[in-house]
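As structure tokens, the structure follows; a few thoughts come after it.
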Amino acid sequence: MSQKTKQTPMMEQYFKIKEQYPDAFLFYRLGDFYELFHDDAIKAAKILEITLTSRNKNADDPIPMCGVPYHSATEYIRTLIHNGYKVAICEQMEDPKATKGMVRREVVQVLTPGTYMDEKGGSSNNFLVAIEERSSSYALAYADITTGELRVTLLDNQDAVLNEIQALQSKEVIIVEGKGSAIAPVLKQRLGVLISSHKKVDQSDNYAHLLEDLTEVACQSVVNLLLDYLAVTQKRSLTHIQTAVRYQADQYLKMDAYARRNLELTLSIRDQQKAGSLLWLMDQTKTAMGGRRLKQWLEKPLINKTEIESRQEKVASLLDHYFERMDINDALSSVYDLERLVAKVSFGNVNGRDLIQLKTSLDQLPKIKQLLVQVDEAIWQSTLSKIAEMPELRDLIDQAIMEDSPLLITEGNVIKDGYNDQLDYYRDAMANGKKWIAALQQQERERTGIKTLKIGYNRVFGYYIEVSKANVLNLPEGLYDRKQTLTNAERFITPELKEKERIILEAEEKSATLEYELFIAIREKVKHYSEDLQQLAKQISELDVLQSFAEISERYHYNKPILSATSKHIHITEGRHPVVEEVLGKDQYVSNNLEMTNDNNILLVTGPNMSGKSTYMRQLALIVIMAQMGCYVPAETAELPVFDQIFTRIGAADDLYSGQSTFMVEMVETNQALQFATERSLILFDEIGRGTATYDGMALAEAILKHLHRHDKGKVLFSTHYHELTALEEELAGLRNVHVGAIEQDGELVFLHKIMNGPADKSYGLHVAKLAGMPESLITEAGEILHRLETEANLTGSVVEEGISQLSLFGELEENINEKQVMKEMSELRLENMTPMDIMYQVNQWKKMLDKK
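And the structure:
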């Protein structure tokens, strides 16, 4: 018979806690399980693929519930976090066995996408961002609680904010609760980030030591918002958070999200994986810290020539000392993730194995410093001065912590013998007590003649002597005191056994408690070294990146570029695209030169599809990026200006988040360059205008070229299939034609992949269609149509207007309306921009129209 569910004290407690965390899954601890109820349970069961059940099943309104085991909750929590949800961990704050009535429970931590310390994070950062909108700007702060980094900047507009958050790959953005934020829905729609509203509380006094260098009120305010959110959600020490660093976006080579995507800096366009990206090629780091630092340098190359050359100098020194570099690499391979170890110490979840990893890392420092002195003490002096060896910390861990410590610090066997006299006493008592038990068992077997007699232990009855029922009659009367009767045996105790049990159990209990207390004390001592360890991590990570630069430079035969802060001259000989070269193989890749004088700002690149135009353009951008990171570059020689920004418009893709078509994306990307490029920018435009009708596209392309030329928007590589545009070389002094060579051999098209001066003589569209495997009959028919159109264009004449040559729209009209329509459509057709299926469909349509004649 069903009954109305009565709200129990436990559920009252649950609802009271849940009200404080309405936007999080509440993991409510009940014994060995975390339980979820109501909507949390319904949603979690679906996401986690676990069984949904109910509490009070026989009631009219049973409560939906599901649960996950306490000891295996990590994977379930990780799944929820990676799906963009928050998880509030509610623990039992009292021992249920020692508590009368309801056990007190509290939320001890709120895990969020931006604060989750994922053990599988490896060489990736997890940046939490906070934003405050000002009257004419945005204040943006970000932190990674897994490493302690904290930075803040002021940005001028919404696009800059979007770009910065996308570069950080943040999963969560904090805004002030109660203040309408115009940018919040844009961030959610465009980037898919979790927007967290937080009630702002002025606790700047608590964080004053982290705000020391910030003079702007806006920067102080947004950092305060970020730190307060961390304090409220994490509910634990944040001593590892570093002093906030104020930076400006224009201190680095600026690249918007389009440029980073198009150049495949960290992810490939094809499958959004690291493999196939520039990061994939350049990453020869030995530490997780180095991997994160490399990605940061790749996202933000330098624009300060002195700083770039300082990095180059260090790379050169490592290249000149091969054997020392190999020894440095070996030492770095034994350095663990110091940044995250410091964070774990601060958070209080470090264990014995973590401290052994810290000691192992510290063991490498004398060797690394000695090797750097051998490489070049003067060049590496700044690094050497900032690497503190911390022998006291190393010795503390060496003396205190066992090498094979368990994962849990409450299980014992963490502290070494000899570290603490009282612990040694307890351990001796336990060891000798157990030896005494073993000796007693042997003694009693001999005394009674019962070879199956044994001494056992359980938590309820303690130690006991067990004799089978068959042998009980053989025991002398009164020899032992009866303790427990079983079906097949009797259990006994003796005063001596009881006393030894007291000593052993007391030693075990006190030993475990003392070991835990000793470990906590050691952890607190380690915490005092946090700042030194973070400085050490910075130096080691930078060394790791620089050795990675040296490694790839040697392996792939890269050379040091020469940079200029004043000249705009580009001179590259035998330049290569680093990733394509690695994939194809050095023997297959065709290198190319690139020359742009101070007066030559635009290269108009023509040539057939698949010939290498886009690769040629991308390789210049990647060479620039690598150079301004301080790395050597894939070229025999390279003389480059220091660029301030890179803009790209490469490839065709819809922006599904914002609902923009391919052509709209093309125009948006193009406009970014037109609006914000300077005379020291690099612009790569590939096939501008192909997303619309032919004449529209040509008109836009020409106007864009003239605008860039007129306003001196830096160095521009502009590839096109609009051969009519090549006539602009006569009109625009700063524009020069180049093309990708291709020849016909026995009717077949052969790409030379070599950049040559002058325009391409034709588009080779039909040859490309043939290479794509289209039917021979279709290619033949398309050739006949093309020949007829070219003949008719010659008969009707052509006009040249505003530098664009095109078929005359005012030629003699055809008598047959269908034929006229086919001619018009053919004149606007760009085969090289179409798929084989598109061409087949179009030719079939024309054939139907002509058959009607």
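Residue numbering for the sequence shown follows the UniProt record's numbering, beginning at 1 and increasing consecutively. Every residue, glycine too, gets a C-beta built ideally from N, C-alpha and C.
The beta strand (DSSP E) spanning residue i covers which residue range?
{"i": "residue 491", "result": "489 to 493"}
{"i": "residue 161", "result": "No beta strand (DSSP E) contains residue 161, which is instead part of the alpha helix (DSSP H) from 158 to 168."}
{"i": "residue 458", "result": "454 to 458"}
{"i": "residue 859", "result": "Since the first residue shown for the chain is 1 and the last is 853, residue 859 is missing from the structure and cannot be characterised."}
{"i": "residue 107", "result": "105 to 111"}
{"i": "residue 92", "result": "86 to 92"}
{"i": "residue 641", "result": "637 to 641"}
{"i": "residue 462", "result": "462 to 468"}
{"i": "residue 198", "result": "194 to 198"}
Taking the alpha-carbon positions, what's the residue i to residue j distance?
{"i": "residue 815", "j": "residue 822", "result": "Here the model assigns residue 815 a pLDDT of 42, short of 50, so the residue's position is not dependable, and the following value carries that caveat. Straight-line Cα distance between these residues: approximately 13 angstroms."}
{"i": "residue 20", "j": "residue 90", "result": "12 angstroms"}
{"i": "residue 347", "j": "residue 521", "result": "14 angstroms"}
{"i": "residue 336", "j": "residue 676", "result": "42 angstroms"}
{"i": "residue 467", "j": "residue 452", "result": "7 angstroms"}
{"i": "residue 848", "j": "residue 738", "result": "40 angstroms"}
{"i": "residue 291", "j": "residue 124", "result": "8 angstroms"}
{"i": "residue 803", "j": "residue 757", "result": "Note on residue 803: pLDDT 35, under 50, position unreliable in the model; no value is reported."}
{"i": "residue 181", "j": "residue 175", "result": "8 angstroms"}
{"i": "residue 378", "j": "residue 568", "result": "32 angstroms"}
{"i": "residue 462", "j": "residue 433", "result": "14 angstroms"}
{"i": "residue 44", "j": "residue 116", "result": "18 angstroms"}
{"i": "residue 440", "j": "residue 418", "result": "29 angstroms"}
{"i": "residue 602", "j": "residue 560", "result": "25 angstroms"}
{"i": "residue 298", "j": "residue 549", "result": "12 angstroms"}
{"i": "residue 325", "j": "residue 318", "result": "6 angstroms"}
{"i": "residue 17", "j": "residue 78", "result": "22 angstroms"}
I'd like to check one pair, residue j with residue i: are the Cβ atoms closer than 9 angstroms?
{"i": "residue 674", "j": "residue 702", "result": "no"}
{"i": "residue 226", "j": "residue 130", "result": "yes"}
{"i": "residue 585", "j": "residue 619", "result": "no"}
{"i": "residue 303", "j": "residue 252", "result": "yes"}
{"i": "residue 734", "j": "residue 752", "result": "no"}
{"i": "residue 293", "j": "residue 166", "result": "no"}
{"i": "residue 437", "j": "residue 505", "result": "no"}
{"i": "residue 478", "j": "residue 402", "result": "no"}
{"i": "residue 68", "j": "residue 48", "result": "yes"}
{"i": "residue 256", "j": "residue 163", "result": "yes"}
{"i": "residue 274", "j": "residue 285", "result": "no"}
According to the neighbour-count rule (16 or more other Cβ atoms, all chains shown, within 10 Å of its Cβ), is residue i buried or exposed?
{"i": "residue 333", "result": "exposed"}
{"i": "residue 155", "result": "buried"}
{"i": "residue 248", "result": "exposed"}
{"i": "residue 536", "result": "buried"}
{"i": "residue 721", "result": "buried"}
{"i": "residue 126", "result": "buried"}
{"i": "residue 544", "result": "buried"}
{"i": "residue 354", "result": "buried"}
{"i": "residue 243", "result": "exposed"}
{"i": "residue 589", "result": "buried"}
{"i": "residue 539", "result": "buried"}
{"i": "residue 583", "result": "exposed"}
{"i": "residue 566", "result": "exposed"}
{"i": "residue 208", "result": "exposed"}
{"i": "residue 685", "result": "buried"}
{"i": "residue 400", "result": "buried"}
Over the uninterrupted alpha helix (DSSP H) stretch that includes residue i, give me the two end residues.
{"i": "residue 69", "result": "Careful: residue 69 lies outside any alpha helix (DSSP H), inside the beta strand (DSSP E) at 63 to 69."}
{"i": "residue 305", "result": "305 to 319"}
{"i": "residue 346", "result": "338 to 347"}
{"i": "residue 9", "result": "9 to 18"}
{"i": "residue 435", "result": "421 to 448"}
{"i": "residue 293", "result": "288 to 299"}
{"i": "residue 186", "result": "183 to 191"}
Quick one: is residue i near chain C, going by C-beta distance under 9 angstroms?
{"i": "residue 112", "result": "Annotation note: the requested chain C is absent from the structure, which comprises a single protein chain."}
### Message
Closer than 8 angstroms is the cut-off here; do at least three beta carbon pairs connect the region 275 to 294 with the region 379 to 399?
### Response
No, they do not touch.
#### Entry: Validate contact between the region 181 to 195 and the region 205 to 225 using beta carbons, cut 8 angstroms, 3 pairs
These segments do not touch.
### Message
Could you check whether the region 632 to 645 touches the region 553 to 562, counting it as contact only if at least three pairs of C-beta atoms, one from each stretch, sit closer than 8 angstroms?
### Response
The region 632 to 645, when compared against the region 553 to 562, does touch it at the 8 angstroms Cβ threshold.
### Query
Counting pairs of beta carbons, one from the region 81 to 89 and one from the region 15 to 32, are three or more of them closer than 8 angstroms?
yes
### Query
Using 8 angstroms as the Cβ pair cut-off and three pairs as the minimum, do the region 134 to 142 and the region 215 to 222 touch?
yes
### Query
Should the region 511 to 518 be regarded as contacting the region 409 to 422, the criterion being three or more beta carbon pairs within less than 8 angstroms?
yes
### Query
Can you find at least 3 beta carbon pairs, one from the region 521 to 530 and one from the region 360 to 372, that sit closer than 8 angstroms?
Judged by Cβ distances under 8 angstroms, the region 521 to 530 makes no contact with the region 360 to 372, as fewer than three pairs qualify.
### Query
Would the region 103 to 116 and the region 231 to 245 be scored as touching if the rule is three or more Cβ pairs under 8 angstroms?
yes
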